Amino acid sequence: MPRSLACLAALFFAACGGDPAAPAEPSSERESAPAAAALDPALGRALNAWIAKEWPALRTAREEKCDDARWQGLPVEARTLVLAVRDARFEKKQLLPLDLTAPLTAPKLHALRDALALLPPGQPPAAGVTDEIASLGGRRWVGVFHVTEHYGADRVFRTDRGRWEWTPGTLVAWLAIHDAESGSVLCQTQLVVKNDTRSAPLAPRLKSDVRQRLTRELGRGVKIEAERALRRITAVLEMPS
10 MPRSLACLAA
20 LFFAACGGDP
30 AAPAEPSSER
40 ESAPAAAALD
50 PALGRALNAW
60 IAKEWPALRT
70 AREEKCDDAR
80 WQGLPVEART
90 LVLAVRDARF
100 EKKQLLPLDL
110 TAPLTAPKLH
120 ALRDALALLP
130 PGQPPAAGVT
140 DEIASLGGRR
150 WVGVFHVTEH
160 YGADRVFRTD
170 RGRWEWTPGT
180 LVAWLAIHDA
190 ESGSVLCQTQ
200 LVVKNDTRSA
210 PLAPRLKSDV
220 RQRLTRELGR
230 GVKIEAERAL
240 RRITAVLEMP
250 S
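Using the numbering used here, you'd call the opening residue of the sequence shown number 10 and step up by one each time.
This is the structure in structure tokens:
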């Protein structure tokens, strides 16, 4: 750099009070910021204990009413069911679709575990995740959908009618109330739910999308029917919203 330009540069930095060679001052705000709280290991252990639970098969195939005196006087949160699904079909050629089981599981235990597993080291989980896991500590009653039959909706040609139609998706299950501590069944009732396919589009190019939509609708229909069926066996326990 020519001597004249070097002098001009030195004068500029001096006028501005700057020093091109001086390191930046550390931010006092950054220094005083607290380190992220460490993840409480008890959260993960409690969640994994729920995920590891296995629900025994039903002993009978008849409706049995609950003894409401067992949970009379408990707060609403303690009377609100955890929901789970057990595949009790005789033949399990395919897994039950997630679009079907999603409305029938609450809270989403595996999603909560993934939320914890994906946290950067030292970063605490979001408050909603923490609260949902912590709430499991006061929950003891589990509504388990023991699925005994499931047939997905299908687009078929009816030779007797000479046209294409959608056959409805069907789910048959027992909603059983289990004690989360012992696993024992306290009461149960049966559900039989079918799709309403009367307005389902018949275009071949839409077949996959329509089948997926009907699967989701079947899951939601089972949840709605379960809320009604629960009132047949108990006046106290509540379905989660």
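Each residue gets a CB set at the ideal place from its N, CA and C atoms; glycine is no exception.
Treat the numbers as computed from the prediction; the structure is a model and nothing was measured.
Return helix, strand or coil for residue i, following the three-state DSSP convention.
| i | result |
| --- | --- |
| residue 94 | strand |
| residue 62 | coil |
| residue 113 | helix |
| residue 77 | helix |
| residue 100 | coil |
| residue 236 | helix |
| residue 180 | strand |
| residue 247 | strand |
| residue 139 | helix |
| residue 217 | helix |
| residue 82 | coil |
Using the DSSP secondary-structure output, state which residues sit across from residue i in a beta bridge.
| i | result |
| --- | --- |
| residue 187 | 151, 194 |
| residue 167 | 172 |
| residue 158 | 181 |
| residue 199 | 183 |
| residue 89 | 247 |
Apart from the five residues on each side of it in sequence, which residues of its chain come closer than 6 Å, Cβ to Cβ, to residue i?
| i | result |
| --- | --- |
| residue 158 | 181 |
| residue 89 | 247, 249 |
| residue 202 | 180, 230, 231, 234 |
| residue 122 | 56 |
| residue 1 | Since the first and last residues shown for the chain are 10 and 250, residue 1 lies out of range. |
Looking only at its own chain, which residues have a Cβ that is under 7 Å from the Cβ of residue i, when we skip the five neighbours before and after it?
| i | result |
| --- | --- |
| residue 155 | 67, 95, 97, 182, 183, 185 |
| residue 111 | 228 |
Rounded to whole angstroms, how far is the Cβ of residue i from the Cβ of residue j, which I believe are closer than 8 Å?
| i | j | result |
| --- | --- | --- |
| residue 246 | residue 150 | 6 Å |
| residue 242 | residue 196 | 5 Å |
| residue 226 | residue 204 | 6 Å |
| residue 147 | residue 86 | 6 Å |
If you count every other CB in all the chains shown that lies within 10 Å of the CB of residue i, and 16 or more means buried, which is it?
| i | result |
| --- | --- |
| residue 60 | exposed |
| residue 135 | exposed |
| residue 119 | exposed |
| residue 69 | exposed |
| residue 64 | buried |
| residue 244 | exposed |
| residue 164 | buried |
| residue 152 | buried |
For residue i, I'd like the list of residues in its chain whose CB is within less than 8 Å of its CB, leaving aside the five on either flank, ordered along the chain.
| i | result |
| --- | --- |
| residue 224 | 106, 108, 109, 161, 162, 178 |
| residue 190 | 149 |
| residue 145 | 55, 56, 59, 91, 116 |
| residue 173 | 164, 165, 166, 167, 211 |
Hey, would you say the C-beta of residue i is under 8 Å away from at least one heavy atom of the ligand GTP?
| i | result |
| --- | --- |
| residue 143 | The ligand GTP is absent from the structure shown, which contains no ligands of any kind. |
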